[in-house]
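Written out below as structure tokens is the structure these notes cover.
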Amino acid sequence: MITKTTLLFLLLILAEYLHAADPKFYIMLSANNKASASYLTYFESRFSIGLKNKIPCASYLSQSDVVAILDWERQKELLGVGDINQLSNIAEAMKCDYLVHLRIRVLENTTIIDAFIVKKGQDKVITRIAESAPNGDESLDAIENLSKQLVDELHQYNSQLCPEKTWTGTIKIEQHTYEKLLNADDPNKPGGSLKSDLSVQCEVNNDVAQCTVNYSEQLTGAEGNSTTVASGSDQTDVSISVFEGKTSISVGMVKTYGTCSGSLEGGGGFSSEITMPLGGWSVDAAIGTSTRSDSSSGSVNQGDLTFTWSLNKK
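The working numbering numbers the first residue of the sequence shown as 921 and each following residue consecutively.
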């Protein structure tokens, strides 16, 4: 004979199939005879659909998913359908946050429908609904209404059940350029060159990026040369979206502080402190090495600029 302890162990194994989303629900079913089975199936279906539509972050596992372990009569006998303490224990065993108990009883020509929800760790009912109706279409209508009512009562806590997820991770921007310059006075005379190196490393928290910036530039020519060096840390805005497997990222402007120094043809030199704005940068509809709705990473080259990111939404 299978004991309650054995049943809880089997349910614990099945709990691993619950999606990692939060919150997690276990839907428990109870009927008093076979006549109520079709009503109960409909009740479960309407509640599950409503739960997913109104609370999209939720994941759930139903008792109907474990029928291969025990038949309905055995489950009803062992679970103790009216014992709140036992239900709370099952919620713990299933690693779920909420246990939803859907029950239908058919007595002669009347269908009695009721449901309640137990939160893990609380040996009390947090939501309860009930209604009775004549058998047939009126019972189906009552089930539809009660399913909606049950989901609506949960939805008032949606901000707690499904707190808004935020993007976190890193974005790195590198740009290395080299350009030959023509002599401005006479194209036939020797010109110059411009070489620059940019490195931006950003830590992302939702729509804000804290960025460390390093920039250097060397300009050489017949009339002299100059060197610019700037670095610093600055906070800027960032926008991230993932749609149909493609990632779009926009990073705002950052400020750096440094010096610009050099020498001029014929002698003499100069040096000054500078404030240098850099950015913004963006990558649009990029297909990274790993892209999901809640996780994206990759690297994209745009000319001499390389945009690398590793981001998670949680």
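No residue lacks a Cβ here, since even glycine has one placed at the ideal position from N, Cα and C.
CA nearest to the CA of residue i, picked from the options
i       : options                            : result
SER1136 : THR1097, GLN983, PHE967, ILE975    : THR1097
ILE1049 : GLN1080, LYS1068, ASN1134, ARG966  : LYS1068
GLU1051 : VAL1038, SER1191, ILE1024          : ILE1024
LEU1074 : CYS977, ALA1129, THR1140, THR1047  : THR1047
LYS1115 : GLN1095, GLN1121, GLN1130, ASN1108 : GLN1095
CYS1082 : LYS1166, PRO976, LEU971, SER1159   : PRO976
GLN1080 : ASP1017, THR1195, GLY1178, ALA957  : ASP1017
ASP1204 : ASN1108, THR1167, SER1216, GLN1076 : THR1167
GLY1141 : LEU1231, GLU1185, SER1153, VAL1174 : GLU1185
LYS1175 : VAL1038, SER1151, ILE1169, GLY1182 : SER1151
GLY1041 : LYS1015, SER1161, SER1059, ASN1055 : LYS1015
LEU960  : LEU1060, GLY970, ASP1214           : LEU1060
SER1153 : SER1230, PRO1197, GLU1099, ASN1221 : PRO1197
GLN1222 : SER1216, ASP1214, SER1215, ALA1206 : ALA1206
C-alpha gap between residue i and residue j, whole angstroms
i       : j       : result
ASN1103 : GLU1143 : 9 Å
VAL1020 : ASP1072 : 14 Å
ASN1029 : ILE1063 : 16 Å
SER1191 : LYS1233 : 46 Å
SER1219 : SER1113 : 29 Å
CYS1122 : PHE1163 : 22 Å
GLY1165 : ILE1093 : 21 Å
SER1146 : THR1179 : 10 Å
GLY1187 : MET1173 : 37 Å
ALA951  : PHE945  : 20 Å
GLY1056 : TYR962  : 12 Å
LYS954  : LEU971  : 26 Å
ALA978  : TYR1077 : 12 Å
ASN1126 : TRP1229 : 14 Å
Status (buried if at least 16 other CB within 10 Å, exposed otherwise) for residue i
i       : result
PHE1227 : buried
MET948  : buried
LEU1022 : buried
PRO1107 : exposed
PRO1110 : exposed
Collapsed DSSP secondary structure at residue i in the structure displayed
i       : result
LEU1102 : coil
ASP1017 : coil
ALA1062 : helix
GLU1193 : strand
GLN1222 : strand
Cβ distance (whole Å) where residue i is taken to contact residue j below 8 Å
i       : j       : result
THR1090 : VAL1124 : 7 Å
LEU1225 : ILE1160 : That belief does not hold up - the Cβ atoms of LEU1225 and ILE1160 are roughly 18 Å apart, past 8 Å.
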